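Read through the structure below, which is laid out as structure tokens, and then see the notes.
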Amino acid sequence: MAQSQADAPSLSAYAAATADLNAWVEVDLEAMAANVAAIRSVLQPSTEVIAVIKANAYGHGAVPLARWLESQGVERLGVAWVSEAVALRAAGVQSPIIVMGHAFPGDAASCVSYDITCTIHSKHLADAFSAAAQAAGRKAMVHLKVDTGLHRFGNGDEEVVELAEYCRRLPGLRVEGIWTHMANADEEDDGFSVEQLERFRAVRERLDWIPYAHAANSATAFRRPALHFDGVRAGISLYGICPPNTPDPGLRPALSLKARLARVFELREGEGVSYGLTWRAPRDSVAGLVPVGYGDGWRRSLGNVGEVLVDGQRCPMVGRVCMDQFLVDLSALARRPQEGDEVVLLGQQGSEQITADSVAELCGTISWEVVAALLPRIPRVYRSGDTVVTLEGGSAG
Ligand SMILES: *Cc1c(COP(=O)(O)O)cnc(C)c1O
């Protein structure tokens, strides 16, 4: 794969697409395709991939990626909110969509008309979905969730069996799926998954008329084949990031966060930068202003500890991160960079790489939060090899 060498003639489309962007999230579709293949490589051919694209596809851009995933034959999509599913349908996405989070009775009509599969947690919600479906002359496809020990959404064993039988009798519903979610999927010791599996299996045996079961997130998919069932809900792995304590099937990070230096200037020894002047130049220095801040989801706690890549070298972030920009110390570079030069906050430049995991560690969080935090103000640019791909609904192109 070509690296981002702005002088390579084949990259002119890319250079043109990003020339006037202060910052952009670049999504490498070749890496995405490799990740889908890597996930499939651990699955039986009959097991579906449920691509989890909640939270704006973990910052990668939900609508364009949903379209792309659809074009790649990925079977289903998973989101957390009904509104996320509605936005995908409104944009023309046709794949089956499972809402894994909470729905209200007031969501029933739009879910029925948009053919969105919700997870039903109560008889009250089941009634609303059945009524809406009947009014529309259709059946509402629904899933049920078993709380096998995570104690987040779902219903306990007895409750879910009763709810399932209740839903089965409602004229407007078709109970297509039953699912659960692991608590310790990526913990060093994921032994609790075995207990959860036993509980889930026991419920499934009692509800053997429900055709579709799913239980695995990324870590579970790679660590516990017994939990694959009919589909795996792949989130972080789809984006090329391997969960902790999990064998890596050859994932490639798809997301880079890049920016262009907005200002390059000299600092005299002792002069400070950014609010509070928390960093002072230890000697005469060259500073660069990067037009990305916590208002874009770039964490404030990275101030004075994070690094970025300029000219293929690590440069320290200095001073506090502001809402819309932060500063870097460019003094160690052989060349004085210029306004407009590329800065890599996440991703590769030359032989150096900044991973979501390394940024997460500096912020005391996990890679999921680092990428999902990247807000929509930053345009998304989709790229396949050296070409910029225009994906409808993407903000660039
Ligand atoms: C977010 C989520 C997933 C995806 O998890 P990853 O670890 O990102 O693969 C799967 N299932 C549920 C219920 C989720 O909320």
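Residue numbers (the working numbering): 48 to 444. Virtual Cβ for every residue (Gly too), placed ideally from N, Cα, C. This structure is a prediction, so every number in the text was calculated from the model and none was measured.
Asked: Distance cut-off 7 Å: R299 Cβ against heavy atoms of ligand 1; Found: no
Asked: For ligand 1, residues whose Cβ lies under 5 Å from any non-hydrogen atom; Found: V99, M147, H228, N264, S265, R280, G282, I283
Asked: Exposure of K170, with buried meaning 16 or more beta-carbon neighbours within 10 Å; Found: exposed
Asked: Proximity winner among Y286, L274, A230, A379, relative to E313 (alpha-carbon distances); Found: A379
Asked: Sequence-distant residues of its chain with Cβ nearer than 8 Å to R199 (five each side left out); Found: H228
Asked: Integer-rounded CB distance, given that Q372 should sit under 8 Å from A309; Found: 7 Å
Asked: Span of the beta strand (DSSP E) around P363; Found: 360-365
Asked: Cα-Cα separation, N103 to A109; Found: 4 Å
Asked: Length at least 4, wholly inside the region 333-357: the alpha helix (DSSP H) runs in chain order; Found: none
Asked: Straight-line gap, G432 to A301 (C-alpha atoms, nearest Å); Found: 12 Å
Asked: Sequence-distant residues of the same chain with beta carbon closer than 8 Å to P329, five excluded per side; Found: E316
Asked: Beta strand (DSSP E) segment containing F373, residue limits; Found: 373-376
Asked: Three-state class that DSSP yields for K186 in the structure shown; Found: coil
Asked: Touching by the beta-carbon criterion (3+ pairs, under 8 Å), the region 60-76 and the region 107-127; Found: yes
Asked: S59 to G387 span [Cα, whole Å]; Found: 16 Å
Asked: Buried versus exposed, by CB contacts within 10 Å (16 or more), Y341; Found: buried
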